[in-house]
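The structure appears right after this line, and notes come after that.
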Amino acid sequence: MSHEKRPSLGSGKDSICGNRFLPLSFRKNLGLAHWKLNLRVFLALGLWALVGLPTRADWPEFRGPWGDGHVSAPGDTRPIGLPLHWSETNNLKWKTEIPYRGWSTPVVLGSQVWLTTAREDGHDFFAIGVDAETGGIRFNEKVFHSDNPEPLGNGASMNCYATPSPVIELGRVYVHFGSFGTACLDTRTGQALWKREDLRCRHYRGSSSSLVLFDNLIILTMDGADLQYLVALDKQTGKTVWKTDRSVAWNDENVPGQMAREGDQRKAHSTPLLVTADGKPQLLSAGAKAAYGYDPRTGRELWRVQYPDYSVAPRPLFDHGLAFIITGFDKHELWAVKTDGQGDVTDTHVVWKLTTNVGRYSSPLLVDGLIYTITEEGAVTCLEAATGNVVWKERIGGRYAASPVYADGRLYFFSQQGITTVLKPGRAFESLAANSLADGFMASPAAAGKAFFLRTKTHLYRVEAAQ
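Below, the structure is given as structure tokens:
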């Protein structure tokens with residue numbers, strides 16, 4: 094029944110999460126974040142090995158609880174029960190119209206789903222809270238207003254004014270609209286606990302980089318045409334804790350003081366990824382002309398690798414000491430980079446490069462030592478993470494901007510035409526299903542419990558197999 098109303102990794106060993114840094118609900122607030130049982134219950138049950146693990150019902154940030162598109166924890170092979178098939182009339186629990194326009198991923202915690210949206214002219218910016226059980230809109234809060242937003246220009250075909258995804262934890266949701274503002278809202282009331290509107294850069298064709306939560310910090314990526322930096326805010330107060338400028342030399346001023354193409358080749362759209370490298374937390378961040386490893390506590394740059402590309406959008410991946418980075422919009426190559434270097438490691442730490450059939454918008458997936466990347470035109474490439482050797486290539490049709498997810502032994506790819514193609518991972522191409530919803534996908538999906546929360550260009554869906 095539907096009712097319409099007005100989204101295993103390689104076996105790393107650096108942490109209990111499998112060679113990955115413990116994201117979001119792994120972060121020193123065990124009694125606060127994503128627990129339905131308190132710590133005393135865990136102690137009584139002797140479940141020390143599970144302390145810090147998020148509940149299976151959470152999708153707290155862009156690309157999920159691990160930041161890599163995996164629904165389950167690394168090594169967790171228990172079936173979830175997410176649907177293989179759906180349509181506008183099959184396995185659809187509810188469908189809710191979302192006002193205005195937004196490409197942000199929904200975030201899910203318990204009975205709440207939050208997402209952002211904005212007027213198409215960029216004057217008003219909203220946070221929307223939806224009841225996960227009924228699909229009813231519980232909050233529709235105007236968070237920011239701009240009198241003179243810069244037009245998206247030719248970026249309007251792929252971007253909008255509400256593309257960065259929120260982050261949610263118990264009692265708080267953090268929303269971000271690039272230089273238009275960042276805010277923390279109380280999820281019980283919808284009211285702002287703090288706001289920042291003074292973090293400037295010229296996004297030129299709109300912002301896309303999503304928020305990252307680390308311990309007590311909310312980390313923002315501001316890769317504009319004029320200014321390029323990362324900044325960490327105290328999540329309780331919104332005050333700046335550290336700020337780090339990108340260090341790469343641009344070498345793009347044909348006339349002194351005048352950037353080529355209005356600084357277009359200095360901007361980027363990627364979201365950083367938190368990992369554990371050599372036993373220490375590291376923030377992997379892909380920008381224009383270079384990718385970086387940072388200390389997330391201080392913002393100190395640890396290493397960088399340089400390339401000629403810009404406007405990178407996909408989020409990095411990480412496994413077995415390698416960062417997997419798509420370099421940008423123009424050449425859009427996939428590089429494997431060792432993360433144990435210092436300074437400029439371009440000539441010493443690049444292990445391999447894939448130079449063709451790499452996606453410029455969708456983030457890649459890594460499952461059991463194989464990476465899957467999809468181009469805007471729907472060409473999927475499977476390659477070995479250790480060597481970069483291509484295993485197979487197939488075209489599945491459609492056009493793609495949303496990032497895929499992995500769950501229940503399946504790869505889910507979401508097209509701009511509204512088709513979700515489901516593939517079986519492995520060394521041979523195998524298609525399992527193709528599902529259709531109206532309006533198409535720009536936003537990446539979320540999953541919680543046995544349900545997908547899918548945002549099309551106009552609606553939010555809860556897709557779940559009938560019980």
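This note's numbering applies: residue 94 is where the sequence shown begins, and numbers increase by one.
Ideal placement from N, C-alpha and C gives every residue a C-beta, glycine not left out.
Computed from a prediction, not measured in an experiment: that's the story for all the values here.
- Bridge partners of Q399 according to DSSP: A383.
- DSSP places R281 in the coil class of the three-state scheme, outside both helix and strand.
- Separation of G222 and L208 (C-alpha to C-alpha, rounded to the nearest whole angstrom) is 7 Å.
- Within the same chain, T337 and Y387 come within 8 Å of R393 by CB-CB distance, once the 5 residues on both sides are set aside.
- For Y505, the enclosing beta strand (DSSP E) starts and ends at R503 to F507.
- Bridge pairing for I230: V223 [DSSP].
- A478 sits close to L459, with the two beta carbons spaced by under 7 Å.
- A536: not part of any beta strand (DSSP E); DSSP gives it neither H nor E.
- Taken in chain order, the unbroken stretches of beta strand (DSSP E) that lie wholly in the stretch 434-506 and span 3 residues or more are 443-447, 458-460, 463-467, 472-477, 483-488 and 498-500.
- Annotation for Y554: the continuous beta strand (DSSP E) segment containing it runs H552 to E557.
- Note on geometry: alpha-carbon atoms of D461 and H552 lie some 33 Å from one another.
- One alpha carbon belongs to F422, the other to A406, and they sit about 8 Å apart.
- For A370, the three-state secondary structure derived from DSSP is strand.
- DSSP places T514 inside the beta strand (DSSP E), whose first and last residues are I512 to L516.
- The stretch 170-181 makes no contact with the stretch 462-469: fewer than 3 CB pairs, one atom from each, lie closer than 8 Å.
- Cα atoms of G452 and K424: separation of roughly 10 Å, rounded to the nearest angstrom.
- With a cutoff of 7 Å on beta-carbon distance, S197 and S529 are scored as not near each other.
- A500 and Y254 have their C-alpha atoms some 30 Å from each other.
- Looking at the DSSP output, T549 bridges to nothing.
- Contact check for A353 and D316: beta-carbon distance about 16 Å, past the 8 Å limit, so the pair fails to qualify.
- For the 7 Å CB-CB criterion, P409 and A383 do not form a contact.
- For the set R548, T513 and A536, the Cα lying nearest the Cα of A526 is the one of T513.
- Exposed is the label assigned to N247, since fewer than 16 other Cβ atoms lie within 10 Å of its Cβ.
- Taken atom to atom, the span from the alpha-carbon of R194 to that of S301 is near 14 Å.
- Taken atom to atom, the span from the alpha-carbon of I191 to that of K550 is near 9 Å.
- Between A544 and E557, the CB-CB gap stays under 7 Å.
- Your pair A416 and L377 checks out as a contact, with CB atoms roughly 5 Å apart and the cut at 8 Å.
- Listed as beta-bridge partners of Y267 by DSSP are V260 and C277.
- Approximately 14 Å separates the beta-carbon atoms of G299 and T364; this is outside 8 Å, ruling out the contact.
- Counting only residues of its own chain and dropping the five nearest sequence neighbours on each side, R289 has a CB closer than 6 Å to the CB of T275 and G331.
- In this structure, the beta-carbon distance from Y403 to Q435 does not fall below 7 Å.
- Rounded to the nearest angstrom, the gap between the Cα atoms of F237 and Y267 is 13 Å.
- Assigned with DSSP and collapsed to three states, N241 falls in coil, not helix or strand.
- With distances taken between CA atoms, G356 lies nearest to L320 out of V368, L320 and Y385.
- Shown here for G271: same chain residues with a beta carbon closer than 6 Å to its own, the five before and five after excluded, namely H296 and S300 in chain order.
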